[in-house]
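Quick note on this note's numbering: the sequence shown kicks off at 687 and runs consecutively. Glycine included, C-beta positions come from ideal geometry on N, C-alpha and C. A short write-up of the structure that comes next.
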Amino acid sequence: MKATIFFNALLFSALSITAGSTVADQNPDAKMLERGRYILMTSGCNDCHTPGYPEQAGNIPQQDWVTGNPVGFQGPWGTTYPANLRLKMQNLTKDQWMGQARSARRPPMPWFMLRDMTDYDLKSIYHFIRSLGPKGKPAPAYVPPGQPAATPYIEFFPKNPPQQHASR
687 MKATIFFNAL
697 LFSALSITAG
707 STVADQNPDA
717 KMLERGRYIL
727 MTSGCNDCHT
737 PGYPEQAGNI
747 PQQDWVTGNP
757 VGFQGPWGTT
767 YPANLRLKMQ
777 NLTKDQWMGQ
787 ARSARRPPMP
797 WFMLRDMTDY
807 DLKSIYHFIR
817 SLGPKGKPAP
827 AYVPPGQPAA
837 TPYIEFFPKN
847 PPQQHASR
């Protein structure tokens, strides 16, 4: 009897851990999904990746979150666009996401915020976004410096204030 229990526990452990993943990683529970939702709401993800989110003070239905944005950010790096994370996550494995989340990105993406998150938080984001399902179309492609953007964009670089001359 003890041998059977031990064998079953060993078999369950072997089946539970595949390529460094636990059962919870593959089948997230409600707590993990809620954590992912919370992070998207509080970490500014929706501010760029959900069209109209800042303008509507966050009053965008969840079913419309993180579908990418056709408004670009232009600076010395060129013009970048917030990705449609709903489509992106459907095409990434969890391990691919973890690697990308911790890699540098073009501005203004604050990639260092993702780099510094816990594995659990990154997995929560991944599973929550995947749970929303695919929606929308891909964001416009990156435009290199010096080339015109074909979409609206926000200029994203510092400017010096006009010089004021002292009157005599």
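Residue range of the unbroken alpha helix (DSSP H) whose run includes residue i
| i | result |
| --- | --- |
| Phe798 | Trp797 to Arg801 |
| Thr766 | Premise fails: Thr766 lies in the beta strand (DSSP E), Gly764 to Thr766, not in any alpha helix (DSSP H). |
| Arg816 | Asp805 to Leu818 |
| Ala836 | Element bounds for Ala836: n/a, residue is neither H nor E. |
| His735 | Cys731 to His735 |
| Leu778 | Looking at the DSSP string, Leu778 is not in any alpha helix (DSSP H), and its letter there is neither H nor E. |
| Met717 | A quick correction: the sequence has Lys, not Met, at residue 717. Here the alpha helix (DSSP H) through Lys717 covers Ala716 to Thr728. |
Distance between beta carbons of residue j and residue i, contact taken as under 8 Å
| i | j | result |
| --- | --- | --- |
| Gly822 | Thr753 | 4 Å |
| Thr736 | Tyr839 | Not confirmed; about 17 Å, so no contact. |
| Ile811 | Ile746 | Not really, about 18 Å apart at Cβ, beyond 8 Å. |
| Gly761 | Phe843 | 4 Å |
| Trp763 | Pro831 | 7 Å |
Limits of the unbroken beta strand (DSSP E) element including residue i
| i | result |
| --- | --- |
| Phe654 | Summary: the structure shown does not reach residue 654, with the chain confined to residues 687 through 854, and so no result is reported for it. |
| Tyr839 | Tyr839 to Glu841 |
Cβ-heavy atom distance, residue i to the ligand FMN, below 7 Å
| i | result |
| --- | --- |
| Gly722 | Absence of the ligand FMN from the depicted structure is noted, as is the absence of any ligand whatsoever, leaving it without description. |
Beta carbon of residue i nearer than 8 Å to that of residue j
| i | j | result |
| --- | --- | --- |
| Arg792 | Arg801 | no |
| Ala769 | Ala825 | yes |
| Lys809 | Met718 | yes |
| Gly744 | Asn755 | no |
| Arg859 | Asp805 | The chain is shown only over 687 to 854; residue 859 falls outside these bounds and no answer can be derived. |
| Phe759 | Pro794 | yes |
| Arg816 | Gln776 | yes |
Is the stretch 840-848 touching the stretch 767-785, taking contact as three or more C-beta pairs under 8 Å? No, because fewer than three Cβ pairs between the stretch 840-848 and the stretch 767-785 fall closer than 8 Å, the two stretches do not touch.
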